[in-house]
Structures are given as C-alpha cells and as structure tokens.
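*Asks:* So the mapping is simple: my numbering equals the position in the sequence shown, first residue as 1, plus 11.
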Amino acid sequence: MSDRGDALVAGASGGIGAALVAGFLADPRIERVFAVSRSQAPPVALASRPGLVWICCDYNEASMQQVRDQIQALHPTLLRVALCHGVLHGDQLAPEKRLEDIDAVSLQTVFTANAIVPVLWLKVLRKLLSHARHCKVAVLSARVGSIGDNHLGGWYAYRASKAALNMLLKTAAIEYSRRSANVKLLSFHPGTTDTPLSKPFQSSVAADKLFTPDFVASQLIALMTAADIDGQLTFIDWNGQSIDW
Ligand SMILES: NC(=O)c1ccc[n+]([C@@H]2O[C@H](COP(=O)([O-])OP(=O)(O)OC[C@H]3O[C@@H](n4cnc5c(N)ncnc54)[C@H](OP(=O)(O)O)[C@@H]3O)[C@@H](O)[C@H]2O)c1
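(1) Is it the case that the Cβ atoms of I27 and V150 are separated by a distance below 7 Å?
(2) Using the rule of at least 16 other Cβ atoms within 10 Å of the residue's Cβ for burial, across every protein chain shown, is P53 buried or exposed?
(3) I want to know whether the region 184–199 touches the region 210–223 - three or more CB-CB distances under 8 Å.
(4) Let's see if you can read the secondary structure: which residues bound the alpha helix (DSSP H) around I185?
(5) Grab the span of the beta strand (DSSP E) containing A42 for me, first residue to last.
(6) Below 8 Å on the Cβ atoms is my contact criterion, and I expect R40 with G22 to pass it. Report the Cβ-Cβ distance as a whole number of Å.
(7) Who are the Cβ neighbours of H145 in its own chain at under 6 Å, not counting the five residues just before and after it?
(8) Just checking my contact of N161 with F246 at CB under 8 Å: how many whole Å lie between their CB atoms?
(9) State the Cα-Cα distance for the pair P129 and A168, rounded to the nearest angstrom.
(10) Is it buried or exposed for R43, if we count other Cβ within 10 angstroms and need 16 for buried?
(11) Could you compute how far the alpha carbon of V32 sits from the alpha carbon of V20?
(12) Give me the DSSP bridge partner(s) of D248.
(13) Compare the beta carbon distance of F122 and S172 with 7 Å and say whether it is the shorter of the two.
(14) Counting along the chain, where does the alpha helix (DSSP H) carrying A78 start and finish?
(15) Using a 10 Å radius around the Cβ and a threshold of 16 neighbouring Cβ atoms, would you call K195 buried or exposed?
(16) DSSP three-state label for A218, please.
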C-alpha cells in the first residue's frame, strides 16, 4: 500500500486556502489535492498543476453532498482536510464597533460562512474521512473567537461566529472520537495574514506581525503533521501555542 494520500481544501481561492493548496501540492506525501471553491477555476498560479482537482461549490448542503460524492467516486484516502471559510467584511458588511451597529442579516451572513459551512463539511464528509489511516482536519478559526481572550470588545458577529465555530468543533471532536477515531480536529488561528480578509485592518499591524499566506500555510501543514490522534479538539495559533477558550 502506498504511504501517500490525498488532501481536501475548502475555500480554496482565498488567501490562506490557495496557499494551503500549493503547500499540499508540494508535499511528497500528498498525491491529489481536491480544492473546493465558489470560483469556477483555480487562481492562475495553481492552474494546470499536476494533482490538482478543482471543484466548484456554492456551499449549500446539497452541493456539498455532491462534492463529497464526486470525490468519493475518485476513491481517495483523505489524510489532510483544511476548511478555510471566513467572512469579516464585505459590500454590505463591516465589523461592528458598538451595539447600534448590530444587524440581524449581517450576523446570519457571518455565522453561515464562519461556523455553519465548516460544521456542515464535518457532517457531510465524516464517512469519507473514516478509514484505516490518520486524518488531520484543520478549521480556520481566530483568536478573537476566544471568550477568555476578549479584552477589547467590538466585532460582535465575527467574534461570536468563531466562538460558535469552536463549540461546534469541540462537540464534533467528541463525536468523531467515538465514530471516526482516526480523525484529529484542529481549530487554527493563523495570525494576521496578508489576505483580502485582513486588508482594511492592516495599518496598525507591525510589518513583522503581518504574515504571508505561504508562511501560514507551511506552519499549519507542519502542525497538522505533528498533531496526535487523541480524540480532542486543539485550539492553536500559527506558532503551535494553545489558545484559551
Ligand atoms: N487573514 C487574517 O488575518 C486572518 C486572521 C485570523 C483568522 N483568519 C481566518 O482564516 C480563514 C481564511 O481567511 P483568509 O485570510 O484566507 O481570507 P480570504 O482570502 O478572504 O478568504 C476567505 C475564504 O472564505 C471563503 N468564503 C468567503 N465567503 C464565503 C461564504 N459566504 N461562504 C463560505 N465561504 C466563504 C472563500 O472561499 P472560496 O474559495 O469559495 O471563494 C475564501 O476561501 C478564515 O476563516 C479567517 O477568518 C484570517
């Protein structure tokens, strides 16, 4: 049996998602990378790379099931999964500075992308991830989702969606440990990374604290490789340090 296996990256056209796709494609342990995105085609830098399987999805549950079926038909052994969805701002969306800024539609938009879509992947993919090999699943979270670490306030929707994500992941980790014990779940804070998500908020970040997506991807790939299969959810940052819940 080959030691090699496959990786899946969802949210593959984002800054960190695309860097993870490139990182997994360069990893000799990885044979194919299934890259799932709302975009029809990969970014130019990834196009025509051997081993890349690009799949378009609008992230409603039925589409996610179709993606799962499409991947399943290719008989994968998924060793790595990275869920990179995240929304912080947009045309009709800005992080709230005070209670008066809270808007129900914005809350729903942010919760859907940041918490609901990732846990639906854990639902839809569970059987596909259950196999004889170890499988490491990283979900992109954020330190601002830590309740204990919230000293500044603000950013209601983003903070709360990431806290909700962490609870959903913790609960899923308990169930996976019973039903799919070969799987390890990680909730990952990348640090401030130079992507469209952080662009409007980078002016106050010191140059040496603003990471490139490639650096963050290489850190996460190494942390996934090192993670033990222990049935627990680990909440860690780019440097492997634990984060308070
Ligand atoms: N950049 C930072 O400083 C920073 C800091 C802390 C945490 N994070 C987290 O890191 C993750 C990746 O973010 P990024 O910095 O790479 O941002 P990004 O470049 O803006 O990428 C955002 C990603 O979210 C997906 N997405 C966007 N809208 C969505 C929606 N409505 N429903 C589902 N998915 C949606 C996109 O997937 P498609 O491929 O489908 O377009 C894309 O992969 C996020 O979870 C973010 O919260 C980032």
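Ideal Cβ positions, reconstructed from N, Cα and C, are used throughout, including at glycine.
*Replies:* To lay it out plainly:
(1) no
(2) buried
(3) no
(4) Y167 to R190
(5) The identity of residue 42 in the sequence shown is Glu, whereas the question assumes Ala. Per DSSP, E42 belongs to the beta strand (DSSP E) from I41 to S48.
(6) The Cβ separation is near 22 Å, so there is no contact.
(7) N193 and I240
(8) Not really, about 14 Å apart at Cβ, beyond 8 Å.
(9) 16 Å
(10) buried
(11) 6 Å
(12) H200
(13) yes
(14) For clarity, residue 78 is Val in the given sequence; the question names Ala instead. Segment E72 to Q83, the alpha helix (DSSP H) holding V78.
(15) buried
(16) helix
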